[in-house]
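Peer 1: Residue numbering for the sequence shown follows our numbering, starting at 11 and increasing by one per position.
Backbone N, C-alpha and C fix where the C-beta goes; we use that ideal spot for every residue, glycine too.
Just so we're clear, the structure is a prediction, and the values are computed from it rather than from any experiment.
Okay, here's the structure, questions in a sec.
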Amino acid sequence: MGGQIKTQEYAYFKREIVPVEEANINIKTHAFQYGTGCFCGIRGYWNDEKQQFYLYRLKDHYERLYQSAKILMMNVGHSIEELIDITVSLVKKNQWKEHAYFRPILYKSDLSISPRLHDVGDDFAIYTIPLGDYLDVEKGLSCRVSSWTRLAENMIPTRAKASGGYINSALAKSEAMLDGYDEAIFLDSHGYVSEGSAENIFLVRNGKLITPQFSDSILEGITRRSVIHLAKKELGIEVEERSIGRSELYVSDEAFFCGTGVQLSWIREIDRRVIGDGKLGKIAGAIQKLYFDVVMGNQAGYEDWLTPVY
Ligand code: PMP
Numbered sequence: 011m012g013g014q015i016k017t018q019e020y021a022y023f024k025r026e027i028v029p030v031e032e033a034n035i036n037i038k039t040h041a042f043q044y045g046t047g048c049f050c051g052i053r054g055y056w057n058d059e060k061q062q063f064y065l066y067r068l069k070d071h072y073e074r075l076y077q078s079a080k081i082l083m084m085n086v087g088h089s090i091e092e093l094i095d096i097t098v099s100l101v102k103k104n105q106w107k108e109h110a111y112f113r114p115i116l117y118k119s120d121l122s123i124s125p126r127l128h129d130v131g132d133d134f135a136i137y138t139i140p141l142g143d144y145l146d147v148e149k150g151l152s153c154r155v156s157s158w159t160r161l162a163e164n165m166i167p168t169r170a171k172a173s174g175g176y177i178n179s180a181l182a183k184s185e186a187m188l189d190g191y192d193e194a195i196f197l198d199s200h201g202y203v204s205e206g207s208a209e210n211i212f213l214v215r216n217g218k219l220i221t222p223q224f225s226d227s228i229l230e231g232i233t234r235r236s237v238i239h240l241a242k243k244e245l246g247i248e249v250e251e252r253s254i255g256r257s258e259l260y261v262s263d264e265a266f267f268c269g270t271g272v273q274l275s276w277i278r279e280i281d282r283r284v285i286g287d288g289k290l291g292k293i294a295g296a297i298q299k300l301y302f303d304v305v306m307g308n309q310a311g312y313e314d315w316l317t318p319v320y
């Protein structure tokens with residue numbers, strides 16, 4: 011950004027910060043064969059006015075990594091405090107002065123055959139890249155309900171942010187994009203609305219926010235949690251966490267996705283039905299504005315959610 015030429019990126023690999031070119035795995039790696047890993051997606055925001063870099067809800071992301079690790083019988087090998095310190099060190103080493111994304115990954119690193127969880131060693135790594143918007147936050151997205159079903163709890167639990175589970179996301183995302191849509195919306199194995207390929211979904215009906223509950227095969231999203239908090243505490247909006255039928259998408263007044271990558275992106279149409287009046291809705295707009303103020307360190311009262319680096 012700003013015409014700056016980046017000379018070297020650094021990653022955390024095998025308990026050291028190293029040039030990213032040196033952070034490579036063997037092709038025999040268990041996680042490479044079987045998808046036996048779990049990961050985080052974390053954002054950091056550069057506030058030019060304050061000359062500060064804020065990591066967003068780091069502790070919550072690493073607590074969720076612990077949760078994923080438990081489900082997948084993996085050992086993180088670092089305390090949450092250590093993980094936070096390593097991430098902060100990586101920002102400094104990379105000298106980030108622009109928005110960036112962090113991908114911590116815990117993976118089964120043994121060079122062994124047989125898809126199993128027990129008696130296979132784990133390793134932990136983090137890489138980081140500069141990242142602006144992942145989906146357009148201004149335009150309004152066109153979505154389709156996927157012909158692929160969201161993974162059920164007794165297949166690959168979506169509560170774990172498990173590497174192998176993202177085949178399900180990739181199938182839906184490519185189907186949607188190659189058919190001319192921006193994003194997919196999954197139904198779960200009972201036919202209820204679940205989530206997008208890599209983001210949670212919210213609807214607005216009659217001034218209330220509605221979002222699928224945890225038992226509808228969703229990731230326990232940290233942005234989802236932020237949205238619920240901001241809606242209730244800052245805007246006095248009621249939030250229902252419950253099952254949503256496919257047709258309820260069509261008749262909603264507003265709809266939007268939220269997630270670390272997608273941030274808060276509003277939905278313009280679903281299955282060729284225009285949502286509301288086809289414009290950014292009042293509630294989605296208000297939450298989007300609050301969310302960007304919070305992550306940029308411009309909203310008083312949310313310092314607990316931010317780790318300033320410099
Ligand atoms: N669902 C899925 C499948 C995701 O990959 C993500 C992105 N991590 C989310 C929801 C949103 O979660 P978060 O807000 O914690 O990034």
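#1: Determine the DSSP secondary structure at residue 11, reduced to helix, strand or coil.
#2: Run through DSSP, which three-state label would residue 295 get?
#3: Please list the terminal residues of the continuous beta strand (DSSP E) segment that includes residue 68.
#4: Between residue 152 and residue 19, is the Cβ-Cβ spacing less than 8 Å?
#5: Suppose you measure from the CA of residue 320 to the CA of residue 313; what does that come to, to the nearest Å?
#6: Relative to the ligand PMP, is the shortest distance from any of its heavy atoms to the C-beta of residue 149 smaller than 7 Å?
#7: Would DSSP call residue 132 helix, strand or coil?
#8: Under the rule that 16 or more other beta-carbon atoms within 10 Å means buried, what is residue 259, buried or exposed?
#9: Can you name the start and end residues of the alpha helix (DSSP H) that residue 43 belongs to?
#10: Round the Cβ separation of residue 159 and residue 198 to the nearest angstrom and send it over; I've been treating them as touching at under 8 Å.
#11: Start and end of the alpha helix (DSSP H) containing residue 243?
#12: Going by alpha carbons, who is nearest to residue 47 out of 176, 252, 91 and 277?
#13: Under a Cβ-count criterion, where at least 16 other Cβ atoms within 10 Å of its own Cβ denotes burial, should residue 282 be classed as buried or exposed?
#14: My assumption, with CB atoms under 8 Å, is that residue 135 sits in contact with residue 33. Please give the rounded CB distance.
#15: Could you work out which residue in 245, 230 and 209 is closest to residue 217 when comparing CA atoms only?
#16: In terms of alpha-carbon separation, which member of 42, 72, 132 and 38 lies closest to residue 321?
#17: Just the C-alpha distance for residue 301 and residue 274, rounded to the nearest angstrom, thanks.
#18: Considering Cα atoms alone, identify which of 120, 94, 121 and 104 is closest to residue 114.
#19: Does DSSP put residue 279 in a helix, a strand or coil?
#20: For residue 220, which of helix, strand or coil comes out of DSSP?
Peer 2: If we stick to the structure as given:
#1: In this prediction, residue 11 has a pLDDT of 44, which is less than 50 and means its spatial position is unreliable; what the coordinates show is noted afterwards. It is coil, neither helix nor strand.
#2: DSSP places residue 295 in helix when its eight states are reduced to three.
#3: Not the beta strand (DSSP E): residue 68 falls in the alpha helix (DSSP H), residues 68-81.
#4: Result no, Cβ atoms of residue 152 and residue 19 do not sit closer than 8 Å.
#5: So the alpha carbons of these two residues sit roughly 15 Å apart.
#6: False, no ligand heavy atom lies under 7 Å from that Cβ.
#7: Residue state, collapsed to three classes: strand.
#8: Counting every other CB atom within 10 Å of its CB across the protein chains shown gives residue 259 a total of 16 or more, marking it as buried.
#9: 40-44 is the span of the alpha helix (DSSP H), which, as asked, contains residue 43.
#10: Taking a contact as a CB-CB distance under 8 Å, the pair residue 159 and residue 198 counts as one, their CB atoms being some 7 Å apart.
#11: Taken as a continuous stretch (DSSP letters only), the alpha helix (DSSP H) holding residue 243 covers 232-245.
#12: Among 176, 252, 91 and 277, the Cα nearest to that of residue 47 belongs to 176.
#13: Exposed is the call here.
#14: Indeed, because the Cβ distance is near 6 Å, the residues count as touching under 8 Å.
#15: Residue nearest to residue 217 within the set 245, 230 and 209 is 245 (criterion: CA-CA distance).
#16: Nothing about residue 321 can be reported from this structure: the residues present for the chain run from 11 to 320 only.
#17: Taking the straight line joining both Cα atoms gives about 8 Å.
#18: Minimum Cα-Cα distance from residue 114 among the listed residues 120, 94, 121 and 104 corresponds to 94.
#19: Assigned with DSSP and collapsed to three states, residue 279 falls in strand.
#20: Strand, per DSSP.
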